[in-house]
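Residue numbers (this note's numbering): 1126 to 1553.
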Amino acid sequence: MDSEDKQITRAASLNIVQRGNLKFLESQIREHWCLGQNIVLCWHASEQGVELLLAPHYFLAQFSAALNQDAVASRLEALNGLFIKKLISGRRQMSARAFQGAAKRLQLEPIAIELPIPVLGDSTAERMTEELLHRYSISYVDKRAVILFDIVDFSLFTPFEQTSQLNSLSYSINSSYHKLLKHGIEVNFTRTTTGDGFYIWNRDNSAEASLNLYLFMLLVVMDNAIAQRKARGNTVPAIRTGFHMGSHYEFYQAEGLNPTMFSYIVGDVTIELSRMLDGAHRGQIVMGDFTTTVPTSMREGAYLIDVDTPRFIERIRKQLPLLKQLSLSGENIEKVHCYLTGETGASGGETVKTFTITDKHGLSRKTYNVRINIHTRNGQAIILGMQRRWKDRRRNIEERRQAGLESERRRLVGERKQSRVARLDKVT
């Protein structure tokens, strides 16, 4: 279930009167929103209705240096920039005192909207108001896991083949969500298209959300790979996949007179993912170099620990048994191994290795290469991802072979020269 479906479900839990109340509120907000010219910074529930703090979208431009963590002109500008970033992170509902303090600090005039039925004290109505106002604002997230699925050579296919490939990838995404849900793992995902793929992230930003999203990514990649082996023609895409964690902004574009129901994200994490895959190969799965916090187990009350990318994969392994006995594109999964190439172990080599990807702009970044080994019930073994050690070994063997051929060629040339010199000596 994506974010739009969840919003519809929660709206259905409101009584008819409150639903009409929220529709009235949205009509009032829309007038002040002015087709996206203004954004909602924060709000609070009053006895008469709600109070909003809106600002023109260019209002944030004066804090852009602080928001981008660049050098700022003054300490006050830096403090206000940090205040704005905190304001657009997380919940927008504030207490009356905090709301008035924000208005005074930013020198903005609050806008009061009277409602037929106040939402104050109604937790469901307040939650729906919060979600409604997010669509008329922008949000900042300091760290979130994001996936990028990119279809290889997408522009080379016919429009019908492109449509079929996007539909096939969408099916793998929806099917993977459904399979995890059966195991009690709900990934409240949302997505935005890149034209030749999708960015996908988990709306839930809890400590276990990134782990659940990674399991989700594994299922999508596995389902796509098995479907591709069985497909005829160019109906199932070959993809390259990236997983990374970082900051981003989230916003809703104006569509006609209203903001869209689905959001877009842009920021460090999407930029890094795009550049990581710019240098990736067909079928490759790459991970960024990040640190995050994860629970030691899925049990309630589990300790939280800080992990880097290799330790994140170690934590993921604890959940891989959940994928056993799943059916993907008609194949029953018996066992799954997931590791970083070069990792210590019987299937992984000796040491974890990072590799550098340089994009078309000449910018480089450290990444990890992921490999997935799948064993099906019928005894079939499916290997996904690029095995860097094997590719390096194959390249080294080829280089040694070419060097040997060149050495042999030079030896033969030298022998011919010596033979010609000997014949000339005999003639003279």
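Note that beta-carbon positions come from the ideal geometry of N, C-alpha and C, so glycine has one too.
The model shown is predicted, which means the values in this text are computed figures rather than measured ones.
Sequence-distant residues of its chain with Cβ nearer than 7 angstroms to residue i (five each side left out)
| i | result |
| --- | --- |
| Ser1293 | Ala1352, Thr1360, Val1361 and Pro1362 |
| Arg1534 | none |
| Lys1485 | Asp1403 |
| Met1511 | His1406, Gly1408, Gln1409 and Asn1494 |
| Met1342 | Ile1272, Thr1366 and Phe1368 |
| Arg1440 | Leu1336, Val1419 and Val1432 |
Reference residue i; option with closest CA among the options
| i | options | result |
| --- | --- | --- |
| Ser1262 | Arg1535, Tyr1389 and Ile1438 | Tyr1389 |
| Thr1373 | Ile1364, Val1394, Ala1379 and Gln1232 | Contrary to the premise, residue 1373 reads as His rather than Thr in this sequence. The shortest Cα separation from His1373 among Ile1364, Val1394, Ala1379 and Gln1232 belongs to Val1394. |
| Glu1202 | Gly1215, Val1346 and Arg1230 | Arg1230 |
| Pro1287 | Arg1252, Gly1320, Glu1439 and Met1401 | In the sequence under discussion, the amino acid at residue 1287 is Gln, which differs from the Pro named in the question. Nearest option by C-alpha distance: Gly1320. |
| Ala1250 | Arg1200, Arg1269, Ala1170 and Ser1301 | Ala1170 |
| Thr1501 | Ala1180, Leu1453 and Arg1536 | Leu1453 |
| Leu1338 | Ala1223, Asp1348, Gly1371 and Ile1325 | Ile1325 |
| His1462 | Lys1443, Lys1491, Ile1272 and His1308 | Lys1443 |
| Ala1271 | Glu1540, Ala1506 and Phe1415 | Sequence check: residue 1271 is Val here, not Ala. For Val1271, the nearest C-alpha among the options comes from Phe1415. |
| Glu1380 | Ile1141, Phe1149, Arg1155 and Asn1140 | Arg1155 |
| Leu1245 | Gln1153, Leu1147 and Ile1141 | Leu1147 |
| Met1398 | Asp1278, Gln1505, Leu1488 and Lys1460 | The identity of residue 1398 in the sequence shown is Leu, whereas the question assumes Met. Residue Leu1488 is the option with its Cα nearest to Leu1398. |
| Leu1305 | Thr1283, Lys1211 and Asp1348 | Asp1348 |
Cβ distance (whole Å) where residue i is taken to contact residue j below 8 angstroms
| i | j | result |
| --- | --- | --- |
| Gln1173 | Glu1239 | 5 angstroms |
| Arg1269 | Asn1330 | 6 angstroms |
| Thr1492 | Gly1392 | Incorrect: roughly 18 angstroms between the Cβ atoms, too far for contact. |
Under 7 angstroms between C-beta atoms of residue i and residue j
| i | j | result |
| --- | --- | --- |
| Asp1275 | Arg1365 | yes |
| Tyr1265 | Ser1214 | yes |
| Leu1166 | Leu1185 | no |
| Val1495 | Ile1410 | yes |
| Asn1205 | Pro1181 | no |
| Val1345 | Ser1301 | yes |
| Leu1451 | Ile1458 | yes |
| Val1419 | Leu1340 | no |
| Ala1332 | Leu1445 | no |
| Thr1417 | Met1370 | yes |
| Gly1358 | Met1401 | no |
| Ala1228 | Pro1235 | yes |
| Phe1224 | Ile1209 | no |
Cutoff 6 angstroms; reference residue i; Cβ partners in own chain excluding five residues on either side
| i | result |
| --- | --- |
| Phe1323 | Phe1274 and Arg1316 |
| Lys1478 | Gly1467 |
| Ala1471 | Because Ala1471 sits at a pLDDT of 47, beneath the cut-off of 50, its placement in the model cannot be relied upon, and the point is left open. |
| Ala1350 | Leu1509 |
| Ala1237 | Glu1176 |
| Gly1473 | Caution applies to Gly1473, whose pLDDT of 47 falls short of 50 and renders its modelled position unreliable; the value that the coordinates give is listed next. Tyr1464. |
| Phe1149 | none |
| Ala1221 | His1169 |
| Ile1133 | In this predicted model, Ile1133 has a pLDDT of only 49, less than 50, meaning its place in the structure is not dependable; the value taken from the coordinates is given anyway. Closer than 6 angstroms at Cβ, skipping near neighbours: no residue. |
Proximal residues to residue i (C-beta, below 8 angstroms), its chain only, five neighbours per side dropped
| i | result |
| --- | --- |
| Pro1384 | Trp1158, Gly1161, Arg1260, Tyr1261, Tyr1377 and Gln1378 |
| Arg1217 | Val1165, Leu1166, Cys1167, Trp1168, Glu1255, Leu1258, His1259 and Ser1262 |
| Asp1247 | Gln1143 |
| Ile1482 | Arg1400, Met1401, Asp1403, Gly1404, Ala1405, Val1411, Ser1489, Arg1490 and Thr1492 |
Chain D within 7 angstroms of residue i, Cβ atoms only
| i | result |
| --- | --- |
| Lys1229 | Absence of chain D from the displayed structure is noted, only one protein chain being present. |
Open item on the list: Going residue by residue through the stretch 1155-1194, where are the continuous alpha helix (DSSP H) segments of at least 4 residues, counting only ones entirely within it?
Closed with: Qualifying alpha helix (DSSP H) stretches, in chain order: 1189-1192.
Task: Entirely enclosed alpha helix (DSSP H) segments - the stretch 1356-1418, minimum 4 residues - done: Within the stretch 1356-1418, the complete alpha helix (DSSP H) runs of at least 4 residues are 1393-1403.
TODO: Entirely within the stretch 1273-1323 and at least 4 residues each: give me those alpha helix (DSSP H) ranges in chain order.
DONE: The qualifying runs are 1284-1307.
TODO: For the stretch 1208-1265, list the beta strand (DSSP E) runs that are entirely contained and at least 3 residues long, ordered along the chain.
DONE: Here the runs fully enclosed are 1236-1239.
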